[in-house]
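Worksheet: the structure to be examined is printed underneath.
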Amino acid sequence: MADIKIHGVPPSTFTRTVRLGCHEKGIDYEIVAARPDGIGALNPFGKIPAMTHGDLTLFESSAILRYLDRVFPGPKLWPEEARQAALCDQWASAICDSLVGAALPYFGARFGFRQMPADQVARHLERIRALMPIFEQRLGASRYLAGENVTAADLYLVPIFFYFPEVPELKAIGEASPNCVRWAREMGGRSSVKATDPQFKPHLAA
Ligand SMILES: N[C@@H](CCC(=O)N[C@@H](CS)C(=O)NCC(=O)O)C(=O)O
């Protein structure tokens, strides 16, 4: 039985980010099924994922990933060099602060998990559309978000961008972004991304 337990479910984007980090570093872990309404004391904020390692319980994906990066050997998720590490923080934080804030409610509405007025759904879509050129420009200037190597920043973008093909209007936005497509092709070839495929085929709400 693995020492590291990730409490969450595979379709959850933040759960996937943490799992991606485990795979990138070669950390053995066990996924323990938990939804936000069942996470209980592991996260008093009622969000997934949480992680347990012996008597340590952590929530917040960035805290979990940083802990794993410090404690376990394997490729660094945050570069050692200060500027590169800051770029990684910058992109990871910007994704959580902007893209996730539009994409998660949009997925929720389109996958039929959340009821939302149509104009609100449309606003989330326009926000996603407006944000994609930022990633397109960045991934035209560097191979990965924080430079020439995969970092934690990329692990935040993968779960979001890899749902785009499931939703026709997002698929079109993604396909109109050739640098993002190139990045996604490279990321999609990684064993971490293959191993964490949520195998989730949503039924789209109207
Ligand atoms: N800041 C948290 C965000 C986690 C998060 O929002 N997880 C989603 C699932 S992908 C969730 O639990 N949503 C339930 C809710 O917001 O009520 C992290 O980085 O771990």
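Quick note: the sequence shown uses our numbering, first residue 1274, plus one each step.
No residue lacks a Cβ here, since even glycine has one placed at the ideal position from N, Cα and C.
Being a predicted model, the structure only gives us computed values, none of them experimental.
Note to self: Taking 8 Å as the limit between beta carbons, can you name the residues of its chain near lysine 1298, skipping five residues before and five after?
What the structure shows: Result list for lysine 1298: Leu1341, Asp1342, Phe1345, Pro1346, Gly1347, Pro1348, Leu1350, in chain order.
Check: Any residues whose CB sits closer than 7 Å to a heavy atom of ligand 1? List them in chain order?
Finding: Every residue with a CB closer than 7 Å to a heavy atom of ligand 1 is listed here in chain order: Ser1285, Thr1286, Phe1287, Thr1288, Pro1309, Gly1319, Lys1320, Ile1321, Pro1322, Phe1332, Glu1333, Ser1334, Ser1335, Cys1369, Leu1377.
Next item on the list: Would you be able to state if there are at least three C-beta pairs under 8 Å between the segment 1319 to 1326 and the segment 1363 to 1371?
Entry: no
Check: If you draw a straight line from the alpha carbon of valine 1431 to that of alanine 1457, how long is it in whole angstroms?
Finding: One C-alpha to the other measures close to 8 Å.
Checklist line | Through-space distance from alanine 1449 to alanine 1307, alpha-carbon basis | finding: Spanning the two alpha carbons is a distance of roughly 36 Å.
Note to self: Can you give me the C-alpha to C-alpha distance between glutamate 1409 and proline 1451, rounded to a whole angstrom?
What the structure shows: 7 Å
Next item on the list: Grab the span of the beta strand (DSSP E) containing methionine 1389 for me, first residue to last.
Entry: That residue, methionine 1389, is in no beta strand (DSSP E); it is neither H nor E in DSSP.
Notebook entry, point to check: Which residue from Asp1276, Lys1320, Ala1468, Ala1478 puts its Cα closest to that of tyrosine 1302?
Noted result: Asp1276
Notebook entry, point to check: Ends of the alpha helix (DSSP H) at lysine 1474?
Noted result: Segment: none, lysine 1474 is in no alpha helix (DSSP H) and carries neither H nor E.
Check: Based on the DSSP secondary-structure assignment, which residues constitute the bridge partners of isoleucine 1304?
Finding: Ile1279
Next item on the list: Rank Pro1309, Ala1382, Ile1304, Leu1372 by C-alpha distance to the C-alpha of phenylalanine 1434 and give the top, closest one.
Entry: Answer by Cα proximity: Leu1372.
Item checked: Whole-angstrom distance between aspartate 1392 and threonine 1469, CA atom to CA atom -> Roughly 33 Å between the two C-alpha positions.
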